[in-house]
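Scroll down for the structure; my scribbles are underneath it.
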Amino acid sequence: MKIEIKNVTKKYKQTYALNNVSFTLDEPKIYGLLGRNGAGKTTFMEILSGQILASSGQITIDGENPFDNQRLTESICLIKEGNNFKKDLKVKNVLKIYSLFYPTWDQTLADELVKEYKLKLNAKVKTLSKGMESALGIIVGLASKAPITIFDEPYIGLDAAARKMFYEILLEEYEAEKRTIIFSTHLIDEVSLLFEEVLILQEGSLVLQEEAELLRNNTCAVSGTIKKVETFIAGKKVLEKRKLAGMMTAYIYGNMEDAKDAGLSVEGVPIQELMIYLTKGKEGA
0 MKIEIKNVTK KYKQTYALNN VSFTLDEPKI YGLLGRNGAG KTTFMEILSG QILASSGQIT
60 IDGENPFDNQ RLTESICLIK EGNNFKKDLK VKNVLKIYSL FYPTWDQTLA DELVKEYKLK
120 LNAKVKTLSK GMESALGIIV GLASKAPITI FDEPYIGLDA AARKMFYEIL LEEYEAEKRT
180 IIFSTHLIDE VSLLFEEVLI LQEGSLVLQE EAELLRNNTC AVSGTIKKVE TFIAGKKVLE
240 KRKLAGMMTA YIYGNMEDAK DAGLSVEGVP IQELMIYLTK GKEGA
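Taking numbering that gives the first Met the number 0, the leading residue of the sequence shown gets 0, the next gets one more, and so forth.
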């Protein structure tokens, strides 16, 4: 399903959650939607899933607006970090409701995940721990098999082992049946290897959209004497510079081999570090 975002703005009184954002997601991939708190990620996901309207501009899925469009909303599953389900419902009732809503629902997968996460079907949502409520959200998101599945910080309260299991099952399900998965998280180092494409928002604006593999290959930290580094980075896109005792490290978007040829020390920059550099402030972006 092709997702097109054209000049989308969402304004709350005098504050812009999104400000004239445009980009396209045109094929099934695992997309990493990154940014600091308040960058506009959740607002974008809520507009995409048809839960709220943009102030201006438009989001379309295969040419249609998702708002108040049941055919499309049956193809979109948004799992947020909390308050996904009514508190008085039992786990089994939550699963039943979602199985009726999503035509692509996989009951076998849901049953397997309930066992993996040791959820009690007769427990009410309000009695679940934060981790167990997150596990329920993960189960719904994965079992929905929705062509557009969105996870917004889905694992609050889950320990490292439970999160790892989620990543592994997510990848297995994606490889078995491709769908558009949009993943927003602050635990970037844990999941960055899953991303096929990365989008970074800052203060409501898109500051980067790039294939993850290109980012990994072309973003590097070069170190050496100040003179050598300054000479090398001239005319290149520099994300950050640090100086200490006559030495300099510069974080750049460029070819690593060029840096090695210049006699500089070169290291890759993790996507989490790249996001931090790009969102330090308007100047850095």
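Think of the CB as a built atom: it goes at the ideal place given N, C-alpha and C, for glycine as much as any other residue.
Helix, strand or coil: which one does DSSP assign to residue i?
i	result
Asp25	coil
Gly140	helix
Ser204	strand
Phe43	helix
Ala145	coil
Asn68	coil
Thr218	strand
Lys85	coil
Ser191	helix
Asp151	strand
Thr14	strand
Lys125	helix
Ala249	strand
Thr230	helix
Leu118	coil
Ile225	helix
Glu176	coil
Ser183	strand
Gly130	helix
Leu33	strand
For the beta strand (DSSP E) containing residue i, list its first residue and its last residue.
i	result
Tyr11	2 to 11
Leu94	Premise fails: Leu94 lies in the alpha helix (DSSP H), 90 to 100, not in any beta strand (DSSP E).
Val265	264 to 267
Arg241	236 to 243
Ile75	75 to 78
Whole angstroms is fine: what's the gap from residue i's alpha carbon to residue j's?
i	j	result
Ile149	Leu118	22 Å
Trp104	Ser98	5 Å
Met0	Ala142	19 Å
Leu88	Glu210	41 Å
Leu33	Thr248	25 Å
Gly267	Ala261	16 Å
Ser133	Met246	46 Å
Arg239	Tyr276	Correcting the residue identity first, residue 239 is Glu in this sequence and not Arg. Glu239 and Tyr276: Cα-Cα distance of roughly 7 Å.
Glu282	Val237	Since pLDDT at Glu282 reaches only 39, below the 50 mark, its modelled position is unreliable, and the value read off the structure follows with that caveat. About 11 Å.
Ala53	Lys114	40 Å
Val57	Glu229	For the record, residue 57 in the displayed sequence is Gln; it is not Val. The straight-line gap from Cα to Cα measures roughly 43 Å.
Thr179	Ala244	48 Å
Ile335	Gly136	Since the first residue of the chain shown is 0 and the last is 284, residue 335 is not available in this structure.
Ile225	Phe231	10 Å
Gly39	Tyr154	20 Å
Asn64	Glu73	13 Å
Lys235	Ile51	40 Å
Lys10	Asn83	24 Å
Lys123	Lys12	37 Å
Leu112	Phe66	30 Å
Thr126	Gln106	24 Å
Pro102	Arg35	35 Å
Ala145	Val265	42 Å
Ala233	Lys242	16 Å
Tyr173	Lys227	45 Å
Asn121	Ile181	31 Å
Tyr30	Asn216	18 Å
Leu95	Lys259	For the record, residue 95 in the displayed sequence is Lys; it is not Leu. The alpha-carbon atoms of Lys95 and Lys259 are separated by roughly 58 Å.
Lys177	Asp25	13 Å
Are the CB atoms of residue j and residue i within a distance shorter than 8 Å?
i	j	result
Ile75	Gly49	yes
Thr41	Leu17	no
Ile199	Leu186	no
Val197	Ile147	no
Leu273	Ser222	no
Gly156	Gly140	no
Tyr252	Thr218	yes
Glu195	Lys86	no
Tyr15	Thr23	no
Val20	Leu214	no
Ala109	Ile138	yes
Met44	Ser191	no
In the DSSP assignment, find the alpha helix (DSSP H) that holds residue i and state where it starts and stops.
i	result
Gln106	106 to 115
Gln271	270 to 277
Glu60	The amino acid occupying residue 60 in the given sequence is Ile; Glu does not appear at that position. No alpha helix (DSSP H) holds Ile60; the beta strand (DSSP E) holding it covers 55 to 60.
Are the C-beta of residue i and some C-beta of chain B separated by less than 8 Å?
i	result
Asn83	Protein chain content of the structure displayed is limited to a single chain, and chain B is not contained in it.
Quick check: the segment 164 to 178 against the segment 1 to 10, are there 3 or more CB pairs under 8 Å? no
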